[in-house]
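Going line by line, the protein sequences match chains A and B. Just so it is clear: in the first sequence, position 326 is 326 by the working numbering, and no numbers are missing. Just so it is clear: in the second sequence, position 81 is 81 by the working numbering, and no numbers are missing. This report concerns only the one structure given below.
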Amino acid sequence: MAAQFPPDSVGLITPQTAPFAEPLALDCGRMLADYEIVYETYGTLNADHSNAVLICHALSGDHHAAGFHEGSDPSKPGWWDNCIGPGKPIDTSQFFVVCCNNLGGCKGSTGPTSINPDSRKPYGPDFPIVTVKDWVRSQARLADRLGIQQWAAIIGGSLGGMQAMQWAITFPERIRHALVIAAAPRLSAQNIAFNEVARQAILSDPDFHHGHYYEFGVLPRRGLMIARMLGHITYLSDEGMRAKFGRELRQGTPNFNFNFDTEFQVESYLRHQGKAFVDRFDANTYLLMTKTLDYFDPAADFDQDLSVAFHRAQARFLIIAFTSDWRFSPARSREIVRALVRANREVSYAEITSEYGHDAFLMPIPLYHDMLRGYLTRVAREVNGPEEAFSYEASPLPHSTEIHAHAS
Amino acid sequence: MRPELELISDWIRPSARVLDLGCGDGALLAYLHEQRQVEGYGLEIDTGNIVKCIQTGVNVIHADLEAGLEDFSDSSFDYVIMTQTLQAVRHTERLLDEMLRVGRQGIVTFPNFGFWRCRMQIALQGLMPVAKTLPYQWYNTPNIHLFTIRDFEKLCRRKRIDVLQRMVLDHAHRPWRGPRLWPNLFGEIALYRLGRA
């Protein structure tokens, strides 16, 4: 089995679960009495625990960032597999890479689909709306559990980049480098507007049942599907859609039908994406995550001045944006850069030409990966020393097993 | 380039905050960081150069100088440096203004079009000058504003920019050791430290 994996893959991965018994106070004022965080790790923690890298996932992501699960489709590795692995830009022969499913998620960490100990039923809409700050605090507890005092780097795209930024502000001494990709310092009215339409699609689905659809044995399929279709439009660019679909009609549709069936390729694509999403994602989690996005505003605690927020930060920053991204455009990344410069922080910024829109941060664009690799090679030298002493050797053990020692 | 880096470094006080416009592969900033412990950023438009800066650990910000320096506030840097760039930008005058708005002082280097060999090529051969410091043909040169030391100082006087220091270099970027007279005739590269009261 293991022999089938490409040499630059992290291979077969078994997710871990970290239970936390100490209550977590949330920004909304409520308390999460106990909870679980599901996570994966790739690579090996070095002797002084200084080579750990945290990957933060975006809206619909999860802890499965790289490699393969037992019995999973060999053509479908983790969501950022093109970037994480031995010899890849986030080099697992240099770094101990951690990725967790965030609280409120639906892939194993405590969230709306988990059983509420009070009611013995799924939380559903009663699960508290968590914020990026809540996530960062919960991730810090996971770091404590793994024996990581300071992350060599925290890396994320989109909502993941917002977590990296928040880390640098909330725990300045626990993060050496923040890589903030295709992000924004907070959502614009237009961003919030798109999220609101997505939420209304779900909330108005007759199968939603005020969020208690689990009890009725149904899913708000149509609502979640429309929400995802809408989201997808904002992830792509006009030019990218034109190149990919144009006005082509789908196969078997030689002419217009003059009805509302799927006729154009782009319709077919969006419906497919929407339908596939419904089978793998929870509507309550989707609602919650869009709110988490809407609420993110690190400047709010600092008199609406982001540069004051960044005064506390000690990390070095790499900010990357993509030209055709209109969800979080390069102008939004430049706001972050401007605030960092005003705060006299160390920052580099690059704009990558791409027609992939917001989705570009997940694509193996050569220049983009060169930048990540160039930056992270220096980080690796910082934490592992200048010698190539820390070289990768294929381990006969599954990665999860060798990591277990640190995950006590 | 090395001697020029040293000369610029001599002009910069330790631990200063520096902005390098058109920083290329970041060699100057890396040198100033090492020699003078300066902090700062380079602005660069070429992505290949940006990757090199990132690899060497120089803070680099992807930017188009033609768009001005609006992301930077007044007097937020001790020095704004522009080496061999002024002759290659379209909005030369505006960039000089921006430089002295954002920086307390400006440091500029440029190839001197008044160098005697350049003059000879135009006067005797009737050809646009090609020199070690101006290695391009007229049809492929990135240098769209060619000017002389006299031109530059005339502009400084008109714009009430103070020349705090001037040095004239040869094509190897070493200080010109010939006659002190006629820098506009013998200098191949000019190096200026500027300020504005």
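For glycine and all other residues, C-beta sits at the position ideal for the given N, C-alpha and C.
Using a C-beta cutoff of 7 Å, does A/Ala189 count as contacting chain B? Not one beta carbon of chain B lies nearer than 7 Å to the beta carbon of A/Ala189.
Near-chain B residues of the segment 184–212 of chain A - C-beta to any C-beta below 9 Å: For the segment 184–212 of chain A, there are no residues whose beta carbon sits under 9 Å from a beta carbon of chain B.
Could you check how far apart the C-beta atoms of A/Trp79 and A/His64 are, in whole angstroms? I think they sit under 8 Å. Indeed, because the Cβ distance is near 7 Å, the residues count as touching under 8 Å.
Which of helix, strand or coil does DSSP assign to B/Ser15? Three-state DSSP puts B/Ser15 in coil, outside helix and strand.
For the beta strand (DSSP E) that contains A/His311, what are its first and last residues? Note, A/His311: premise wrong, no beta strand (DSSP E); alpha helix (DSSP H) at Leu306 to His311.
Going along the chain, which residues of its own chain have a beta-carbon closer than 6 Å to the beta-carbon of A/Phe310, five neighbours each way excluded? Ala339, Leu340, Ala343 and Arg345.
Which residue or residues does DSSP assign as beta-bridge partners of B/Met167? According to DSSP, which records beta bridges pairwise, B/Met167 is partnered with B/Leu191.
Under 8 Å Cβ to Cβ from A/Ala407, same chain only, skipping five residues before and after it: list those, please. With a pLDDT of 31 at A/Ala407, under the threshold of 50, the modelled position of that residue is not reliable, and the figure given next carries that caveat. The residues are Gln16, Ala18, Thr41, Arg145 and Leu146.
B/Glu188 versus B/Thr47 - alpha carbon distance: Each residue's alpha carbon lies about 29 Å from the other.
Pair within 7 Å by beta-carbon distance, A/Ala152 and A/Ala52: It is a contact, given that the beta carbons lie within the stated cut-off.
Taking CB distances under 7 Å as the criterion, tell me whether B/Asp71 reaches chain A. Closer than 7 Å: yes.
For B/Asp20, which of helix, strand or coil comes out of DSSP? Of the three classes helix, strand and coil, the one that applies to B/Asp20 here is strand, per DSSP.
Taking a cut of 8 Å between CB atoms, which residues from the segment 35–51 of chain B lie near chain A? Listed in sequence order: Glu39, Tyr41, Thr47, Ile50 and Val51.
Could you check whether A/Ile202 and A/Ala227 sit closer than 7 Å to each other, using their CB atoms as the reference points? Against a cut-off of 7 Å, the Cβ pair of A/Ile202 and A/Ala227 comes out as a contact.
What would DSSP say about B/Arg158, mapped onto helix, strand or coil? When secondary structure is reduced to three states using DSSP, B/Arg158 falls in the helix class.
What residues of chain A sit near B/Val60, judged by a beta carbon separation below 7 Å? Chain order gives the chain A residues near B/Val60 as Ser348, where near means a beta carbon separation below 7 Å.
Would you kindly check if the distance between the Cβ of B/Phe110 and the Cβ of B/Gln125 is under 7 Å? Contact flag unset, no.
Do we get a CB-CB distance below 7 Å when we pair B/Ile81 with the residues of chain A? Taking a beta-carbon distance threshold of 7 Å, B/Ile81 does not count as an interface residue toward chain A.
Which stretch, first to last residue, makes up the alpha helix (DSSP H) that contains A/Glu40? Counting along the chain, A/Glu40 falls outside any alpha helix (DSSP H), though it belongs to the beta strand (DSSP E) covering Tyr35 to Tyr42.
Proximity test, Cβ basis, 7 Å: B/Gly57 and chain A: B/Gly57 counts as touching chain A.
Cβ separation of A/Ser103 and A/Met289, assumed to be a contact under 8 Å, to the nearest whole Å: One point to set straight first is that residue 103 of chain A is Leu, not Ser, in the sequence displayed. Rounded, the Cβ-Cβ distance is 11 Å, inconsistent with contact.
With 7 Å set as the bound, which would you pick, yes or no: does the beta-carbon of B/Ile54 sit closer than that to a beta-carbon of chain A? At least one C-beta of chain A is nearer than 7 Å to the C-beta of B/Ile54.
Identify the continuous alpha helix (DSSP H) that holds A/Phe328 and give its terminal residues. Taken as a continuous stretch (DSSP letters only), A/Phe328 belongs to no alpha helix (DSSP H), as it is neither H nor E.
Proximity of B/Ile50 and A/Ala350 at Cβ, strictly below 7 Å: Contact flag set, yes.
Is the beta carbon of B/Leu194 closer than 7 Å to that of B/Gly68? The Cβ-Cβ distance between B/Gly68 and B/Leu194 does not fall below 7 Å.
Rounded straight-line distance, which links the Cα of B/Arg166 to that of B/Ile8: Within the model, the alpha-carbon separation for B/Ile8 versus B/Arg166 is close to 11 Å.
Assign A/Phe272 to one of two classes, buried (16 or more other C-beta atoms within 10 Å of its C-beta) or exposed (fewer than that). Checking the sequence shown, residue 272 of chain A turns out to be His, not Phe. Looking at its Cβ environment, which holds fewer than 16 other Cβ atoms inside 10 Å, A/His272 is exposed.
Would you mind working out which of A/Ile115, A/Trp135, A/Arg381 and A/Val308 sits nearest A/Tyr214, comparing C-alpha positions? Of A/Ile115, A/Trp135, A/Arg381 and A/Val308, the residue nearest in Cα terms is A/Ile115.
So, for A/Leu26: in the same chain, excluding its five sequence neighbours on each side, which residues have a beta-carbon less than 7 Å away from its beta-carbon? Cβ contact annotation for A/Leu26 (same chain, cutoff 7 Å, sequence separation greater than five): Leu32, Pro128, Val130 and Asp134, in chain order.
Do A/Ser354 and A/Ser324 have their beta-carbon atoms positioned less than 7 Å apart in this structure? Taking 7 Å as the cut-off, the Cβ atoms of A/Ser324 and A/Ser354 count as close.
Can you check whether the C-beta of A/Gly374 is within less than 7 Å of a C-beta belonging to chain C? Here chain C cannot be found, since the structure's protein chains are A and B.
Three or more C-beta pairs below 8 Å linking the segment 367–386 of chain A and the segment 82–101 of chain A: Yes, they touch.
Run through chain B and tell me which residues come within less than 8 Å of A/Leu367, C-beta to C-beta. Residues of chain B passing the Cβ test: Thr47 and Val51.
Given a threshold of 16 other Cβ atoms within 10 Å of its Cβ, counted over all protein chains shown, does A/Phe260 qualify as buried or as exposed? It is exposed - the Cβ of A/Phe260 has fewer than 16 other Cβ atoms within 10 Å.
Say whether chain B places a C-beta atom closer than 7 Å to the C-beta of A/Phe390. For A/Phe390, the pLDDT reaches just 47, beneath the cut-off of 50, and the residue's location in the model is therefore unreliable, although a value from the coordinates is still provided. No, because no Cβ of chain B sits closer than 7 Å to the Cβ of A/Phe390.
Residues near B/Glu93 by beta carbon distance below 8 Å, same chain, minus five either side: Take B/Glu93, set aside five residues on each side of it, and the residues of its chain with a beta-carbon closer than 8 Å to its own are Leu155 and Lys159, in chain order.
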